[in-house]
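Q:
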Amino acid sequence: MRDDIDTSKLFAATVVIPVIRIDSADQAVQLAHTLVDAGLCLLEITLRTPAALDAIARIAAEVPDAVVGAGTVLSAQDLDRAARAGARFAISPGCTESLYRASADAPLPLIPGVSTASEIMLGMEHGHDHFKFFPAEAAGGPAMLRAWAGPLPQASFVPTGGITAEKAADYLALPNVIAVGGSWMVPESAVAAGDWRRIGQLARTCSSLRNR
Ligand code: 3PG
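If you read the sequence shown in numbering that gives the first Met the number 0, its first letter stands for residue 0, the second for the next number, and so on.
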């Protein structure tokens, strides 16, 4: 599925995507409720733990106000597993020819990761115009996005990687940024401890962030 049809709709409700690493699917529903209640309805569960697909399935089934996606999608097989679990979107840190080919027939949009102009051009050849800019801070930050806006104005980005509550507004002020991703509001220690109060507090500080 080409992402230009559906991806922009994903970001109508929120401009901050929590990037979540979860070790226990039993925590997924409470975590999702905490984030949705704090105003963050778009959730990325990274496929970095054995619990990730189950967590996606639980959220998809039990938290109707959440839009749950899969992160760290590295292969066609990951994309397929994410779709079967109920993920509504997929995000990858980079992209390969085989992942692009798989995404063309997938039932959910893929937001491929890029960090160079050539990677953006390759993605556009495959029909994509929304990209994850990863790792955003290490790869050039807002200055890199400003530089791409000249020659590649049709490309929009979700910068992710090293972004904090303080830095998010600088990214969201850019015309080619549609949302930012990050784990700053879902620290691994708080997720592991089930510290929903702390996560709720951190997530609520994101609700004032706006896109331009
Ligand atoms: C990721 O996919 O790991 C994201 O880039 C999260 O990055 P962060 O932990 O630096 O926010």
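The C-beta atom is built at its ideal place from N, Cα and C for all residues, glycine as well.
Because the structure is a prediction, the values reported are computed rather than measured.
1. Answer yes if the stretch 140-149 comes into contact with the stretch 157-173, meaning at least three C-beta pairs across the two stretches below 8 Å, and no otherwise.
2. Can you tell me which of Leu151, Gly160, Leu34 and Leu52 puts its alpha carbon nearest to the alpha carbon of Ile212?
3. Based on the DSSP output, what are the partners of Ile19 in its beta bridges?
4. Any heavy atom of the ligand 3PG closer than 8 Å to the Cβ of Phe133?
5. Does the Cβ of Ile119 have 16 or more other Cβ atoms within 10 Å, making it buried, or fewer, making it exposed?
6. Use the C-beta contact count for Pro174: other C-beta atoms within 10 angstroms, 16 or more gives buried, fewer gives exposed.
7. Listed by chain order, which residues have C-beta atoms less than 5 Å from any heavy atom of the ligand 3PG?
8. Would you mind reading off the limits of the alpha helix (DSSP H) that contains Pro150?
9. Does the stretch 95-111 come within contact of the stretch 143-155, defined as at least 3 CB pairs closer than 8 Å?
10. With distances taken Cα to Cα, identify the nearest neighbour of His125 among Ile110, Pro134 and Ala135.
11. Residue ranges of each alpha helix (DSSP H) run of no fewer than 4 residues wholly in the stretch 46-103, ordered along the chain?
12. Can you tell me whether Thr159 is helix, strand or coil according to DSSP?
13. Indicate whether at least one CB of chain B lies closer than 9 Å to the CB of Asn210.
14. Could you give the C-beta distance for Ile58 and Ala51, rounded to a whole number, given that I count them as a contact under 8 Å?
15. Would you decide whether Ile4 is buried or exposed? Buried here means 16 or more other CB atoms lie within 10 Å of its CB.
A: Quick look at the numbers:
1. In short, these stretches touch, since the Cβ pair count reaches three.
2. Residue 212 lies beyond the range of the chain shown here (0 to 211); nothing can be said about it.
3. According to DSSP, Ile19 bridges with Ile44.
4. Distances taken from the Cβ of Phe133 to the heavy atoms of the ligand 3PG include one shorter than 8 Å.
5. The residue in question, Ile119, is buried, as its Cβ has 16 or more Cβ neighbours within 10 Å.
6. Here Pro174 is exposed. Its C-beta has fewer than 16 other C-beta atoms within 10 Å.
7. Those residues that have a beta carbon less than 5 Å away from any non-hydrogen atom of the ligand 3PG are, in order along the chain, Val18, Thr159, Gly160, Gly161, Gly181 and Ser182.
8. Note, Pro150: premise wrong, no alpha helix (DSSP H); not H, not E.
9. Counting Cβ pairs under 8 Å, fewer than three are found: no touch.
10. Considering only alpha carbons, the answer is Ile110.
11. Look at the stretch 46-103 and you find these whole runs of alpha helix (DSSP H), each 4 residues long or longer: 51-61, 75-84 and 96-103.
12. Here Thr159 sits in strand by DSSP.
13. Here there is only one protein chain, and chain B is not present.
14. Between Ala51 and Ile58 the Cβ distance is about 11 Å, and since that is not below 8 Å, they are no contact.
15. Note that Ile4 has pLDDT 40, beneath the 50 cutoff, so the model's placement of it is unreliable and no number is given.
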